[in-house]
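Asks: Encoded as structure tokens, here's the structure I'll be asking about.
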Ligand code: GLV
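Numbering (full-length UniProt numbering), first residue to last: 41 to 421.
Listed below in structure tokens is the structure:
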């Protein structure tokens, strides 16, 4: 019997991938060394050499997060996988969760927690707003959550939220402190242990400059105590930390048993990106956004709270942001983006992350923006 559906014409053409300047909020350009690591030959996900590489990744994440937590792994999946893993494992249905929302990521976590049956309480500010420790403590006292969520790098708003003191407040009220550093890790300092953060996660594709698809996450002893003394099983099998802790050799058992097949190439690339971070020894925080401050680009976030990796600028008056972004992509092969979630129509976002964070790139981005201003239609007032 022969096939009745012919091979699709597109499959008989070679793969084409354009070269682009990824100056949006991620993914960022991947340096050749990391690309090369990702293209090494595949080995089995349960080979001893793979365990060694996973052990290296664990050490690399501990360094990046500044933590000694044993329960430190990389998720097979994007930052969303880590987000769901954190919530699914530490919260049981019916428990109260408090979420700080000042952009898209809090909204996203609130939806995830609602889907698994948590009792979700929201604290909301407009994108770019921030919460004082007093406001946070008052809300924690009122709602008595088992978990408080805060975004460190709010990429939709370009805001890097202060973290100091919040972990202590959470401890005082017997609540776990969960922090999202997907857009900020490697660009803005974070100290998981010193700042008493109970659960911290990030993503591979932003300031770490690895390909999308893996996500570091770490749980301290308080978080482990809560998640390993549950009455119910987490709703996700794939993200169940009982299994993942074994896969990553964190559960003290002598053998790792099959749970799922991790993204082997993605782990090679993540290892290399963490190695580069370790060699660099510090977060790379060129103030390239200062270059972007030149007129007519007005930055939306207070200077002290700016996220170094993603700069949000106001949409220049009279211009259509979609037209500008399309122009910049077409003529400069450069990605910049509009707002996201609640910041759509408010801002344009320029990301210069890790490897991309160079003054020459900031100058190129500025040049492209100026060119778009000259060549895109300005509506009559
Ligand atoms: C996605 O991560 C974004 O910030 O656009």
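Cβ atoms here follow ideal geometry from the backbone N, Cα and C, with glycine treated the same way. Here the structure is a predicted model, which is why all the values come from computation and not from measurement.
1) Evaluate residue 371 with the Cβ neighbour count: other Cβ atoms within 10 Å of its Cβ, from every protein chain shown; 16 or more gives buried, anything less gives exposed.
2) If you draw a straight line from the C-alpha of residue 137 to the C-alpha of residue 186, how long is it?
3) For the beta strand (DSSP E) containing residue 219, name the first residue and the last one.
4) Could you check the C-alpha separation between residue 103 and residue 231 for me, to the nearest Å?
5) Run through DSSP, which three-state label would residue 149 get?
6) Under DSSP, the alpha helix (DSSP H) around residue 106 begins and ends at which residues?
7) I'd like the ranges of any alpha helix (DSSP H) spanning at least 4 consecutive residues and lying wholly in the region 139-205.
8) Verify the contact flag: residue 377, CB atom, against every heavy atom of the ligand GLV, threshold strictly below 7 Å.
9) With respect to the alpha helix (DSSP H) encompassing residue 77, which residues constitute its N-terminal and C-terminal limits?
10) Opposite residue 378 in the DSSP bridges: which residues?
11) Using 8 Å as the threshold, is the region 87-98 in touch with the region 197-213, meaning 3 or more CB pairs across them?
12) Compare the C-alpha of residue 178 against each of 163, 170, 192 and name the closest.
13) Quick check on DSSP: helix, strand or coil for residue 240?
14) For residue 315, which of helix, strand or coil comes out of DSSP?
15) Residues in the same chain with beta-carbon distance under 7 Å from residue 126, minus the five sequence neighbours each way, listed in chain order, please.
16) CB of residue 223 to nearest heavy atom of the ligand ATP: below 7 Å?
17) Could you pull the start and end residues of the alpha helix (DSSP H) that residue 68 belongs to?
18) Are at least three pairs of beta-carbons, each pair with one atom in the region 258-268 and one in the region 117-134, less than 8 Å apart?
19) If you count every other CB in all the chains shown that lies within 10 Å of the CB of residue 347, and 16 or more means buried, which is it?
20) Bridge partners of residue 259, per DSSP?
21) What is the DSSP secondary structure of residue 284, counted as helix, strand or coil?
Replies: Well, looking at it:
1) exposed
2) 6 Å
3) 216-220
4) 10 Å
5) helix
6) Careful: residue 106 lies outside any alpha helix (DSSP H) and carries neither H nor E.
7) 144-155, 173-183
8) yes
9) 72-78
10) 388
11) no
12) 163
13) strand
14) helix
15) 218, 239, 241, 257
16) As presented, the structure is devoid of the ligand ATP, carrying the ligand GLV as its sole ligands.
17) Note, residue 68: premise wrong, no alpha helix (DSSP H); not H, not E.
18) yes
19) buried
20) 111, 239
21) helix
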